[in-house]
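This report concerns only the one structure given below.
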Amino acid sequence: MAESGKRKRISYASSSSQTCTSNDSDSENAIEGHGRYVEGSILRLTMKNFLTYDHSVVYPGPNLNMIIGANGTGKSSIVCAICLGLAGKTAILGRGDKVGLYVKRGCSKGSIEIELYKRGGNVVINREIHVENNQSLWMLNGKHCNQKAVEEEVRGLQIQVSNLCQFLPQEKVGEFAKMSKIELLEATEKSVGPPEMYGYHCELKNFRNKERELENIVNEKVSFLEKAKQRNERNKHDMNRYYERKRHLDVIELLEKKKPWVEYETTRKELEGVKKEREEAKKHLSGLRQAQAPMLKKIQLIDNQLKPAEAQLKAKTAAIKEASLKCKQKQDLLERKHKEIDDIKQNQRLKQTEEEDHQKRISNTKRTIEDMKAELAKIADQPDVTPRINEVNSELRRIQVERSKIELEKSDLRREKDNLRAEARMLEKKLNDMNNMMNAKEEKLRSRHRDTHTALQWLRENKKLFSGNVHEPMMLVINVKEHRFAKYVENHIAFHDLRAFVFQRKDDMERFMAEVRDKKNLKVNAISAPEESCSGREPSRNIESLRRFGFFTYLRETFDAPDEVMSYLCQQYRVHDVPVGNDQTKAMIKTVIEEPYLRVLYTTEERYTLKRSFYSNKISTSNSAIHPSQYLSITVDAEEKRKLEQQKKDCESKIKEIDQRLQALQKEAAALDRQDNELLAEKKQLSELKGKKRQLEQKISTKQDSLRQMENNVIDLKKIEEDTKEKIEAVNSQKMDIVKVMVAQMKLRAQLNIEKVYLALETVGLTAEKNKLEHDCREGASDLKTTDQKCGHLEQRKVQLTEQCKGLLRTAKSICRMQADESLPADLRNAFSKLPDTLDEIDAMLNEERSRAECFTGLSESVVDEYNKREQEIKNLEKEMAEKKSNLDAYRQNISEAKERWLEPLKQLVEQINAKFSDFFRHMQCAGEVDLHSENEEEYDKYGIRIRVKFHSSTQLHELTAHHQSGGERSVSTMLYLMALQELNRCPFRVVDEINQGMDPVNERRVFDIVVRTACKETTSQYFLITPKLLQNLQYAEEMTVLCVHNGPHMLPPSKWDEKALIRRCLKRKSKQ
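Just so we're aligned, residue 6 is where the sequence shown starts under my numbering, counting upward by one.
This is how it looks when you write it as structure tokens:
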């Protein structure tokens, strides 16, 4: 039930779970005094089949509504109903992620109806939730609508259930302190600022972003424009040089056009002169020829006589040459015969030398045979060595047997060593795989929480500083036995504990935190294990009694961890008492939740949390999906790792023993090898002695055979000498024949030479006469020849000049682009008249102009085009830049105006919040400040609200964070900040759920007084404070509405509840005491 000190609130119930507000009047009076409600306040909340409620109606008051009741009675259910009934998301509540989970178990649907105060007519919102498809049906003021229409209506009433400054569920209390300064400013603007303040802030941020974009664009344009101007300035110089070069090229073109005309005219004049000179030379040549005719006829007669003589002379010369050639051939043949005789004599000398060598070899062989026979006679007197050789052979066989045994043993040892090495490598690989898995877990920790990883590195380097056991973060030391269990362990243990260091001793933990948190400013978590180990605690029920429901183990049995870590998890998370089930458990969940001693359990894909009411003994459940494992899925079996390390050590020890045995066997084998070598040397010496006699006998026999063969092969020198004489006589006869032929040819050659001399004398006489005539004629014919040559030269020159003129004329007309029959245009005549008229002057001027033009290299018409194009681009850029600067100035003006509209009211608002917040902290005998924080005034997206608090006189003000203050200090700070917003609030109501749970009694009493004093003012909006318990002798106000939530199977229906009778019974009981 819920009770109020001023008026009655009616609720209706149809089962054992009821909640009501009641006091003085009926339901018609429940909404009296609407003038005290702020627009958007909750007048009525109706819940049907929602969480713990069958049917309940709640009528909150206009000021402070304190909802009190034991755990599990349904206080937070009211908070859930407000959130979901006003189109809030399930994520805001931090409980089930599906809306169907909020329907009472066993029901197919549930509903929420909220009546909101609004001038001109209240707003009634109804939400019907269906479990089967997680869908909702919405009604607004009795008419069906969609969720978007409800959201717009709620937004119009300034209700923001997603804003932690207005709506703070139990599961989100800790997140308030985790909000960044920027998030806190936005939440505050939405909650207590004027309606337009947050819009101005967003507008400012957008303006600033666009301003930055425009600034970047303008800067880029300015830079580009400056570079373009610089480039065009350089191009302008190039353009001037281009035009200067073009003027020189035009002059060169005119000179090149005139030059062929000048060449043509010069050649034509030269041709006329050549023609005249040729005619004169022809006349002179004709006169000279008539004077030389008689002498030429006489020279012709002598030429006719010389020709036959010269022919005979040539024939004689050829015959002489042929005879000389034949003599030379016979001379060569004669020399070859001389050499043939020398070869025959040399062959005879070789045979004689060979016979001398043969006799020497026979003599040497005879001496060798005599020596061998003498040595054989000496050996025949020595004893027999065969028995000693047999003894040595026997000893060698024994050594061979022993050596085979050693080699066999060494082979076995090597095989065993190879096997052990292979096993060691396999063990090493398995250990490396395990270490790599640990490294992967550590890398995940580093990527998720770098501060913890940094502290871990420091711990590994400084473990000697601690006296007790210190364990690395739990996620590194917990080893899940099977991969499928990782998700249960990870969902059960909070991440802040998974990354926490575990200490056996508290003083070690304090020393660690002082080093890493205070000195190094690292955000880390540390845990001190219970002084008495809890790791061996027995579960409430034997797992065998739960197997019929599909449970197969407790959570503690799914992983291994050091004793201190397991002890903490058993104490804090009761892992020894959390059963894990399967799909059968899910199917039997309605039966399972009725089993005693179960608080938390797991099925294959879901986690169930059970709460049992202290009053009605009724069970409320919540379930959530199990998220996949991120950190613990990498598992390493510590016992398996220890076994592998021991096996590796055993392998290494055995390998060492084998190496020692192999060394001993190697020494034994070396000794046997030395003995074997000595025996083999002795055997070789004996064998050589035994075989020497037989070898000498064989050698004597061989030498004797060789001697007989040499004596049979004696050379007959006399016969060879006779053969040589016969061969020399035959060659000499051939030489005589050759000499006879050669003498005949020499006689013929002499006769031909004589005849040649006679012919030569005759030819010389005729030639002398001819030369005399020619000499006499030459003096008169010199002019004839010269004149004739001149005529030929002039004729050739005339032909050349004629062709040259034609070619030059064609070239000139072609260069000037004229037709073959066209005359030189007047404009060209005028242009040519200003240029030099001689080729030398034209060539000199051409060279000069070309030299000047060549000074302007690397230029083309594109330079001019590029200059003109860039000039146009510069004009366009200047115009565009002017527009951008104008836009930028406009944006800056807009920013200035928007900043003035936003910043000044915001500063005033923050000052008001700070005044209230500081005043509340002074009443708490502590200190606190709220200020507007920004590192750069122009960065509007970096503005934030900073809360700084001090709870001890010996400390300084510290910023409120999720790590620096304790849980109770964060709760006090959060509560007082919300109260500082209360009087400034433009939102119609505020909800705070169980924020006093972490406070000590002194702070809780002080905070409660501030809440009552602030929330009960007439100027404040509606306030919901949910708490499971209150301190005694608190100060209350008449404006409060106290809603007491009861739950149980023996509850009275609200219609039978008699408040006055209850008061009479209480007074009567008190008077008896």
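Using N, Cα and C, we set each Cβ at its ideal position, and we do this for glycine too.
In this structure, residue 674 lies near residue 408, with their beta-carbon atoms less than 9 Å apart.
The continuous stretches of alpha helix (DSSP H) do not include residue 557, and DSSP gives it neither H nor E. For residue 754, the CB contacts under 8 Å within the same chain, skipping 5 residues up- and downstream, are 325, 328, 329, 332 in chain order.
With a threshold of 16 other beta carbon atoms within 10 Å, residue 278 falls short and is exposed. Annotation for residue 817: 265, 266, 269 place their beta carbon closer than 6 Å to its own, counting only its chain and skipping 5 residues before and after. Sixteen is the threshold: when 16 or more other Cβ atoms of the shown chains lie within 10 Å of the Cβ of residue 579, as they do, the residue is buried.
Under the three-state reduction of DSSP output, residue 513 falls in the helix class. According to DSSP, residue 148 shares a beta bridge with 145. Out of 636, 306, 629, the CA that lies nearest to the CA of residue 774 is found in 306.
One thing to note: residue 65 has its Cβ no nearer than 9 Å to the Cβ of residue 1013. Taking a C-beta distance under 9 Å as the contact criterion, residue 142 and residue 47 do not qualify as a contact pair. Ranked by Cα distance from residue 952, the options 188, 776, 708 are led by 188. For secondary structure counted as the alpha helix (DSSP H) over 4 or more consecutive residues, the stretch 1006-1067 holds these complete runs in sequence order: 1006-1020. Listed as beta-bridge partners of residue 120 by DSSP are 49, 129. Sorting 978, 336, 789, 482 by C-alpha distance to the C-alpha of residue 751 places 336 at the top.
Residue 1031 and residue 999 do touch by the CB rule: their CB atoms are close to 6 Å apart, below 8 Å. Taking each of 609, 576, 690, 573 in turn and checking the Cα distance to residue 589, the smallest one comes out for 609.
Under DSSP, residue 617 forms a beta bridge with 624. Taking residue 932 as reference, the option from 954, 944, 947, 911 with the minimal CA-CA separation is 954.
Considering only 102, 167, 761, 125, the residue with the shortest C-alpha distance to residue 91 is 167. The distance from the Cβ of residue 89 to that of residue 104 is about 7 Å, consistent with a contact at the 8 Å cut-off. In the three-state scheme derived from DSSP, where H, G and I count as helix and E and B as strand, residue 663 is classed as helix. Distance from the CA of residue 95 to the CA of residue 84, rounded to the nearest whole angstrom, comes to 12 Å. A distance below 7 Å between beta-carbons, with the five flanking residues on each side excluded, links residue 556 to the following residues of its chain, in chain order: 548, 584, 585, 586, 590.
For the stretch 404-476, the continuous alpha helix (DSSP H) assignments of 4+ residues that do not extend past its boundaries occur at 455-466, in sequence order. Using a Cβ distance threshold of 9 Å, residue 663 and residue 418 count as a contacting pair. Three or more Cβ pairs closer than 8 Å define a contact, and the stretch 473-483 meets that threshold against the stretch 498-511. Cβ-Cβ distances below 8 Å link residue 981 to 922, 925, 926, 929, 933, 1012, 1015 in the same chain, with the five nearest sequence neighbours on each side left out; the list follows chain order.
Of all C-beta pairs linking the stretch 280-289 to the stretch 797-812, three or more are shorter than 8 Å, placing the two stretches in contact. DSSP places residue 62 in the uninterrupted beta strand (DSSP E) bounded by 58-63. Per the Cβ contact rule, the stretch 353-364 is in contact with the stretch 721-734 (3 or more Cβ pairs under 8 Å).
Per DSSP, residue 86 has no beta bridge partner at all. Burial is judged here by how many other beta carbons sit within 10 angstroms of a residue's own beta carbon; residue 824 has fewer than 16 and is exposed. The beta carbons of residue 649 and residue 436 sit closer together than 9 Å. The three-state reading of DSSP puts residue 171 in coil, since its state is none of H, G, I, E or B.
Counting along the chain, residue 70 sits inside the beta strand (DSSP E) bounded by residues 69-73.
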